[in-house]
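Numbering (the numbering used here), first residue to last: 2 to 205.
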Amino acid sequence: MTSSLPPTPVFGAALPVHAQPQVLAFLALRRSASAVTLAEPAPDTAQLDDLLRLAARVPDHGKLAPWRFIVLEGAGKAAFAARLEGLSQQRGDPQLAAKLAKLKMPPLAVVVVSSPRPAAIPAWEQQLSAGAVCATLLYAAQASGFGANWITDWYSYDAEATAILGLTEGERVAGVVLIGTPREPPMERERPDVAGLVTRWTGV
Ligand SMILES: Cc1cc2nc3c(=O)[nH]c(=O)nc-3n(C[C@H](O)[C@H](O)[C@H](O)COP(=O)(O)O)c2cc1C
């Protein structure tokens, strides 16, 4: 299947600025699917290419692209989960293995790796950009009609687990974005009272 997206604009092209009510309605109603409800079909190769292209289109101070993607699917994903099960057994902690269901059930997982570059841009800003990649990938998958969920879980913070994935010094897992087709619709969750989170600084 070929891309259904507009072609990547050429550098310097004037881009549209107009209301996109459908995007706003999507944002008002989108919800992550429970990871363990995600089943086939997952995005095919062309759809995944599109999702990654959209995910990489995020604010990025200094244009450093301080992130990268590791795609886990099929036998590769199963092998990674098996290695994590091995770690859990070595440590005698069955809870670690039990938590792997969220990784094992969905047909596709994209690990978004924060890879801060040596640059004047603070590492914090580079890490925030990786978070933006996770959110954009999540939203793009959901807007494509898939179910998706952004998790981290223990293996994102475990040096042996991240070494299995090939992360290097300074790299961190920003998110594991699980993608598939939900077997049941997600239910609305509690949302914060935004008014209680807003103040207006008036300078007095
Ligand atoms: C950085 C980050 C890490 C998360 N890690 C986990 C996790 O390990 N396990 C989990 O169940 N949820 C985790 N979540 C929360 C899920 O994404 C959760 O489903 C989310 O709150 C759903 O919100 P939404 O419906 O607004 O997308 C994480 C969220 C973020 C932002």
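Built from N, CA and C at the ideal position, the CB exists for glycine as well. Everything numeric in this text was worked out from a predicted model, so none of it was measured.
Assuming residue i and residue j are in contact, meaning their beta carbons sit under 8 Å apart, how far apart are those beta carbons, in whole angstroms?
i           : j           : result
residue 178 : residue 110 : 7 Å
residue 137 : residue 39  : Between residue 39 and residue 137 the Cβ distance is about 19 Å, and since that is not below 8 Å, they are no contact.
residue 21  : residue 65  : Contact flag wrong, Cβ pair sits at about 28 Å.
residue 112 : residue 70  : 7 Å
residue 52  : residue 142 : 6 Å
residue 135 : residue 176 : 4 Å
residue 100 : residue 155 : 6 Å
residue 187 : residue 33  : 6 Å
residue 43  : residue 3   : Between residue 3 and residue 43 the Cβ distance is about 18 Å, and since that is not below 8 Å, they are no contact.
residue 173 : residue 115 : 5 Å
residue 139 : residue 151 : 5 Å
residue 122 : residue 63  : 4 Å
So what does DSSP say about residue i, is it helix, strand or coil?
i           : result
residue 145 : coil
residue 22  : helix
residue 37  : helix
residue 13  : coil
residue 195 : helix
residue 175 : strand
residue 63  : coil
residue 3   : coil
residue 54  : helix
residue 182 : strand
Restricting to runs no shorter than 3 residues, where is the beta strand (DSSP E) found entirely within the stretch 83-171? If only complete runs of 3 or more residues are kept, the stretch 83-171 shows the beta strand (DSSP E) at 109-115 and 148-152, in order along the chain.
For the pair the stretch 148-163 and the stretch 76-88, tell me if three or more CB-CB distances fall below 8 Å. Segments in contact, yes.
Are the stretch 57-64 and the stretch 116-131 touching by the rule of at least three beta carbon pairs closer than 8 Å? At 8 Å Cβ cutoff, the stretches touch.
Inspect the CB distances between the stretch 180-187 and the stretch 33-48 and report whether three or more fall short of 8 Å. These segments touch.
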